[in-house]
Ligand code: HEC
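Now the structure itself:
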């Protein structure tokens, strides 16, 4: 009887080692890429870990900025300038950079994001999400915190975006000097001021 217990322990160790080696070989065979969708289990585990790590007081913090049209507009302008490169103007994440990351930028109009509290949204915007493409935007200033709360108001508005708002955001998206020049050439051309480029 006494001899069987250590033997069982060795079998358990051998099985655990074999499983680890098997998992390592399988992962190696799968290679690495940022162009894949996280598995539902991976996503659920990451979300619950994040929820667990956000302190209760931060999660329950109320939004001090009222949902006025001005606050939503301010959030919209800020989003077009700083966030849309990865999240797209409509928050869908359906844009080259957002899609190519692992994990990809989520569709923020979805239940998964909208069921986060205002405090959780504020927290991740200010502090970023480690091991993902989501940067930390907080700079510690009261002004910065206010604009983050405005961004939270805008995220709540994503499901009700109008075509006019989408067009306005396109004007506010960052453009390189080359983009600016091209836009000016097109304007000049259309208004008859520019030379015709063959
Ligand atoms: C460089 C790319 C990038 C930029 C710029 C960026 N984000 Fe993100 N963001 C991401 C990625 C990638 C995720 C997904 C992280 C994850 O899956 O945990 C994310 C996640 C989030 C989330 C969590 C949503 C959820 O459902 O988990 C919020 C909120 C968010 N971003 C807001 C913003 C705001 C507001 C800005 C602009 C101030 C911004 N992001 C700018 C890449 C970016």
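Residue numbers (my numbering): 2 to 199. Ideal placement from N, C-alpha and C gives every residue a C-beta, glycine not left out.
Remark: the C-beta of residue 137 is outside contact range of ligand 1, defined as less than 6 Å to any heavy atom. Scanning its chain for C-beta atoms nearer than 7 Å, with the 5 sequence neighbours on each side dropped, one finds around residue 95 the residues 89, in chain order. Shortest gap from the CB of residue 152 to any heavy atom of ligand 1: under 6 Å. Counted as a single uninterrupted DSSP element, the alpha helix (DSSP H) harbouring residue 86 occupies residues 85-88. Burial state of residue 123 is buried, judged by a 10 Å Cβ sphere holding 16 or more other Cβ atoms. When the five nearest sequence neighbours on each side are left out, the beta carbons in the same chain lying within less than 7 Å of the beta carbon of residue 80 are those of 152, 155, in order along the chain.
For residue 57, the enclosing alpha helix (DSSP H) has its first and last residue at 57-60. An exposed status is given to residue 10, since fewer than 16 other beta-carbon atoms sit within 10 Å of its beta-carbon.
In the three-state DSSP reduction, residue 178 falls in the helix class (H, G or I). Shown here, residue 167 sits in a helix according to DSSP, grouped into three states. The alpha-carbon separation between residue 179 and residue 172 amounts to approximately 15 Å. Taking residue 22 as the centre and dropping the five residues before and after it, the same chain places no C-beta closer than 8 Å to its C-beta. Along the region 31-81, the alpha helix (DSSP H) occurs as fully enclosed runs of 4 or more residues at 41-54, 57-60, listed in sequence order. Separation of residue 99 and residue 82 (C-alpha to C-alpha, rounded to the nearest whole angstrom) is 15 Å. In the three-state scheme derived from DSSP, where H, G and I count as helix and E and B as strand, residue 21 is classed as helix. Here residue 95 carries a coil assignment [DSSP, helix/strand/coil]. Taking the Cα positions, residue 85 is about 34 Å away from residue 29. The beta carbon of residue 12 sits no closer than 6 Å to any heavy atom of ligand 1.
Contact annotation, residue 35 with residue 116: C-beta distance approximately 26 Å; criterion of less than 8 Å not satisfied. For the pair residue 108 and residue 93, the Cα-to-Cα distance works out to about 4 Å.
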